[in-house]
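Taken in sequence, the protein lines are chains A and B. Numbered according to numbering that gives the first Met the number 0, the first sequence spans residues 0 to 140. Numbered according to numbering that gives the first Met the number 0, the second sequence spans residues 0 to 140.
2 protein chains.
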Amino acid sequence: MTRTIRSRFSKRSLQALRKVLRFNDQGLMPTVIQDAKTKRVLTLCYLNEAALAKSLATGTVYLFRRSQNRLMQKGETSGHIQIIQQVVVDCEGKALVFLVQQRVAACHAGYFSCYFRKLDTGGMLKITDRKVFDPKAVYKT
Amino acid sequence: MTRTIRSRFSKRSLQALRKVLRFNDQGLMPTVIQDAKTKRVLTLCYLNEAALAKSLATGTVYLFRRSQNRLMQKGETSGHIQIIQQVVVDCEGKALVFLVQQRVAACHAGYFSCYFRKLDTGGMLKITDRKVFDPKAVYKT
């Protein structure tokens, strides 16, 4: 059994990031969520400043869900939250990477990563992962 | 010495992607570039449809440089091109991951990855990589 390392960041952390980050013209910061253990890219999400503040303070990923126009915790319905281990900033302050510990799976379709379809050179999109949970059972309502 | 696997994709590949991709309202597709060997995230770039077509056909990354409003090959000045090994599509068709072989380094600041600054929990941004090339020597003009 491995111990979960959850990084909760001080208030100074948000101040430090504010100095270098340049949110896009919709006030959002594209953030690559990467599994700390396997290094697989899990998903790409968008954080506004409130979501970033909440993510840093709690050590779990919060995002701005554009389709619903609201702040939410990643995994709030499913319980499949993401525990932040590292926050890494790009050279231009236009994107972040969060290295996380993923509970169960990141994708609402039942796969560990949202990137479960691989393009082959002949032009076929192939599912290369197996499902790790049943979306119908998890998202009942 | 390891052999470079460069994947050149057929015209059918672009057609297959067109069916599932939803470019954003600026006509761009956010694409996470990940090093195939180390699995490090190298950069996040934005491809319009022409850049995607050219990337697939050549097996090297082309992008739409928003600040210059033009199509360019990643690494065209430095020679630090990215050779595509895998193309992976997210569940909603809103983002891609390219697994690549990186020549020299991805970042214009001289680091292997654009994500060379790590936030510590006390609020300090620390450079955690070493430079692998001298930007002044590479970008002379």
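Using N, Cα and C, we set each Cβ at its ideal position, and we do this for glycine too.
Residue i versus residue j: straight-line alpha-carbon distance, rounded
| i | j | result |
| --- | --- | --- |
| B/G121 | B/L62 | 36 Å |
| B/L118 | B/F8 | 38 Å |
| B/N23 | A/I32 | 19 Å |
| B/R111 | B/T42 | The sequence given here places Phe at residue 111 of chain B; Arg does not occur at that position. The alpha-carbon atoms of B/F111 and B/T42 are separated by roughly 10 Å. |
| A/Q72 | A/Y138 | 15 Å |
| A/R64 | A/L70 | 6 Å |
| A/E91 | B/H107 | 10 Å |
| B/A105 | A/Q85 | 21 Å |
| A/D133 | A/R39 | 21 Å |
| A/A49 | B/T30 | 25 Å |
| A/K10 | A/T59 | 15 Å |
| B/T76 | B/S6 | 22 Å |
| B/R17 | B/R129 | 39 Å |
| B/C113 | A/C44 | 18 Å |
| A/T57 | B/K125 | 21 Å |
| B/G147 | B/T127 | Outside the shown range of chain B, which is 0 to 140, sits residue 147 of chain B, and nothing can be said about it. |
| B/A94 | A/A94 | 14 Å |
Buried or exposed by the 16-neighbour rule on C-beta atoms within 10 Å, applied to residue i
| i | result |
| --- | --- |
| B/T37 | exposed |
| B/I4 | exposed |
| B/M123 | exposed |
| B/G109 | buried |
| B/G74 | buried |
| B/A229 | Residue 229 of chain B falls outside the range modelled here, since chain B spans only 0 to 140, and no answer is possible. |
CB of residue i within 8 Å of CB of residue j, strictly
| i | j | result |
| --- | --- | --- |
| A/A100 | A/I82 | Note on residue identity: the sequence assigns Gln, not Ala, to residue 100 of chain A. Result yes, Cβ atoms of A/Q100 and A/I82 sit closer than 8 Å. |
| A/R116 | B/V88 | yes |
| A/L20 | A/A52 | no |
| A/L46 | A/M28 | yes |
| B/V96 | B/H79 | no |
| A/A35 | A/L98 | yes |
Residue i beta carbon near the ligand NAP (any heavy atom closer than 7 Å)
| i | result |
| --- | --- |
| A/L43 | By its list of ligands, the structure shown contains no ligand whatsoever, and the ligand NAP lies outside what it can speak to. |
Using a Cβ-Cβ cut-off of less than 7 Å, give me the residues of the region 47 to 72 of chain A that come near chain B, in sequence order. none
Counting only Cβ-Cβ distances shorter than 9 Å, please list the residues of the region 10 to 29 of chain A near chain B, keeping chain order. K10, R11, S12, L13, Q14, A15, L16, K18, V19, P29
Please name the residues in the region 101 to 128 of chain B whose beta-carbon is closer than 9 Å to at least one beta-carbon of chain A, in chain order. C106, H107, A108, Y110, S112, C113, Y114, F115, R116, K117, L118, D119, T120, G121, G122, M123, L124, T127
Between the region 80 to 94 of chain B and chain A, which residues of the former have a C-beta closer than 9 Å to a C-beta of the latter? Q85, V86, V87, V88, D89, C90, E91, K93, A94
Of all the alpha helix (DSSP H) runs that stay within the bounds of the region 14 to 74 of chain B, which reach a length of 4 or more residues? 48 to 57
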